[in-house]
């Protein structure tokens, strides 16, 4: 890496990281960066390059990019979405969930109320929104 203030040599370290060395062959460690309330970024060492050489080397090669999303969150969002769509749309599913509820095991012939069906629909809408949030925030 050639910078206006000097050259840096970047070598692979392990499977997914790099080490940077300066012109003298000494290892360069990135300094601390912090921000104030206005969003201004300050570096602990003003002589440090704005973009660290290992970050540029990692950005230059697609093999070292971090993958987006997660298959686990995708399957979780899909399962929650299907379950809540069923809560919202299908009365037999609502009745099934009512009858497997442990609170109804001690009654003879329990029947769900209209409020229960309303809350299934309201909870289904909320749950579908939650599954969309999981999908867009974590699965993509």
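Numbering (the numbering used here), first residue to last: 445 to 584. Just so you know, even glycine gets a beta-carbon here, dropped at the ideal spot from N, CA and C.
Sequence-distant residues of its chain with Cβ nearer than 8 Å to residue i (five each side left out)
| i | result |
| --- | --- |
| residue 498 | 454, 461, 462, 463, 464 and 474 |
| residue 535 | 561 |
| residue 543 | 554 |
| residue 556 | 538, 539 and 542 |
Cβ neighbours of residue i in the same chain (closer than 7 Å, five flanking residues each side left out)
| i | result |
| --- | --- |
| residue 520 | 578 |
| residue 525 | 572 and 575 |
| residue 537 | 530 and 531 |
| residue 457 | 463 |
Beta-carbon proximity of residue i to residue j, cut-off 8 Å
| i | j | result |
| --- | --- | --- |
| residue 479 | residue 472 | no |
| residue 584 | residue 513 | yes |
| residue 540 | residue 569 | no |
| residue 467 | residue 450 | yes |
| residue 508 | residue 582 | no |
Neighbourhood of residue i by C-beta, 6 Å cutoff - its chain only, sequence neighbours within 5 removed
| i | result |
| --- | --- |
| residue 493 | 447 |
| residue 565 | 532 |
| residue 496 | 474 |
| residue 528 | 568, 571 and 572 |
| residue 501 | 454 and 462 |
For residue i: DSSP bridge partner residues
| i | result |
| --- | --- |
| residue 471 | 465 |
| residue 506 | For residue 506, which the question treats as bridged, DSSP gives no partner whatsoever. |
| residue 456 | 462 |
| residue 486 | 478 |
| residue 450 | 447 |
Test: residue i CB closer than 8 Å to a CB of chain D
| i | result |
| --- | --- |
| residue 569 | Included in the structure is just one protein chain, with no chain D present. |
Distance cut-off 7 Å: residue i Cβ against heavy atoms of the ligand GDP
| i | result |
| --- | --- |
| residue 446 | Absence of the ligand GDP is noted for the structure shown, with no ligands found whatsoever. |
Length-filtered (3 minimum) beta strand (DSSP E) runs lying within the region 533–567
none
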